[in-house]
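Heads up: the sequence shown is residues 168 to 421, going by my numbering. Positions of the beta carbon are idealized from the N, C-alpha and C atoms, including for glycine.
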Amino acid sequence: MKPLDEMVERGQARKVYSRPRALHSTRTHYCPGCGHGVIHRMLCEVIDELGIQETTIGVSPVGCAVFAFNYINVDFTDALHGRAPAVATGIKRSHPDKVVFTYQGDGDLAAIGLGEIVHAASRGEKITTLFVNNANYGMTGGQMAPTTLPGQRTTTSPHGRDPEVCGYPLRMAELLATIEGVNFLTREALDIPARVISAKKAIKTAFAEQLAGKGFNLVEILSPCASGWGMTPLKAREWLREKMIPQFPLGRFK
Ligand SMILES: Cc1ncc(C[n+]2csc(CCOP(=O)(O)OP(=O)(O)O)c2C)c(N)n1
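See below:
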C-alpha cells in the first residue's frame with residue numbers, strides 16, 4: 168500500500184481525487200494544453216458512475232484520439248476516417264444490450280464523415296457521440312477544418328480562412344438539431360472549470376439517455392488545441408472563450 172493510502176486508511180488524510188477505474192494508468196501522447204485528456208477523464212468518470220465499464224464499446228476513428236483505446240479501459244474498435252457512426256450502428260444493432268459511443272474530431276465528423284453522422288442522426292441510432300471540435304485537423308499538423316473560424320490561421324490558410332474562397336464554418340449542433348431522429352444534443356466548452364463540469368453532466372446525460380433506450384445522442388465539446396493553434400495552453404483557453412464561443416454558441420439544442 169502507498170504511504171498516502173495508509174494515511175487515508177488511518178484516517179489521517181482524506182482522498183479527494185483519484186483516477187477513475189475506467190481510465191488506464193498510463194501517459195498519454197496528447198500535447199500540453201490539449202482537451203482530449205480532460206474529455207477522456209470525464210468520460211471515464213461517467214462510465215464509473217453509471218457502472219457500465221463491462222458493457223461499453225467505444226469507436227474511435229483517426230484523429231488525435233486514434234489511440235483512445237490505450238487510455239479508456241473498455242472494449243474498443245477503430246474505424247476508418249469519418250466512419251465511426253456506421254461502425255457504431257452495426258455494433259449497437261447487433262448488441263442492443265451494449266452501450267456504444269463514438270469519439271470524433273471535427274475534421275472527422277464534419278468533413279470526411281459528414282454524411283455518416285447526418286444519416287446516423289436521421290436514423291435515430293441509439294448511440295452516443297462525443298464530438299470534439301478544436302477548429303482544426305490536429306493530428307495531421309493543424310490544417311483548416313470545416314469548423315475553422317473566418318480569419319483563423321492554419322497551415323493550409325496561412326493568411327487566415329477567407330470565407331470568399333473557403334466558405335464559412337459549419338455549425339454541426341445547429342445543423343443536426345433540425346433532424347427528427349436526434350434525441351439529445353448539446354454544445355459545451357472546456358475554457359473554464361464551470362464549463363468543464365457542465366460538459367461532464369452533458370456526457371452523463373448522453374449516456375443515460377442511451378441506457379434508457381433513446382437516441383441519437385451527441386455532445387459537441389469546444390476543445391483547445393494549443394499546438395495546432397500555435398499558442399500556449401493558457402492563451403488557447405482564452406482564444407477558445409473569446410473567439411470560438413461567439414462563433415459556436417453553447418447550450419442545449421435538443
Ligand atoms: C481516408 C483518410 N483521409 C485522410 C486521412 C488523414 N487524416 C488523419 S487524421 C485527420 C484529421 C483529424 O482531425 P480531427 O478529426 O479534427 O481530429 P483531431 O486530430 O483534431 O483531434 C486526417 C485528415 C486519413 N487517415 N484517412
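At a Cβ-Cβ threshold of 8 Å, G249 and I279 count as neighbours. For I258, there is no enclosing beta strand (DSSP E); the residue is found in the alpha helix (DSSP H) stretching over 251-261. Within the same chain, L316 come within 7 Å of K410 by CB-CB distance, once the 5 residues on both sides are set aside. Look at the stretch 331-391 and you find these whole runs of beta strand (DSSP E), each 3 residues long or longer: 351-356, 384-389. Taking C-beta separations shorter than 6 Å and ignoring five residues to either side along the sequence, the partners of M306 in its chain run G230, C231, following chain order. With three or more CB-CB distances shorter than 8 Å, the stretch 246-262 counts as touching the stretch 283-294. Segment contact: the stretch 318-332 against the stretch 369-385, fewer than three CB-CB distances shorter than 8 Å; contact not assigned. Out of A366, F383, I388, D358, the CA that lies nearest to the CA of P400 is found in D358. Under the three-state reduction of DSSP output, Q414 falls in the helix class. The Cβ-Cβ distance between P336 and T314 falls below 8 Å.
At least one heavy atom of ligand 1 is found less than 7 Å from the C-beta of M306. With the rule of 3 Cβ pairs closer than 8 Å, the stretch 191-211 counts as touching the stretch 387-396. For I224, the enclosing beta strand (DSSP E) starts and ends at 223-227. Using a Cβ distance threshold of 8 Å, F351 and K421 count as a contacting pair. The alpha carbon of V183 has as its nearest neighbour, out of V175, L190, A189, the alpha carbon of V175.
The three-state secondary structure of D329, taken from DSSP, is coil.
Taking 8 Å as the cut-off, the beta carbon of G309 is found no closer than this to the beta carbon of T295.
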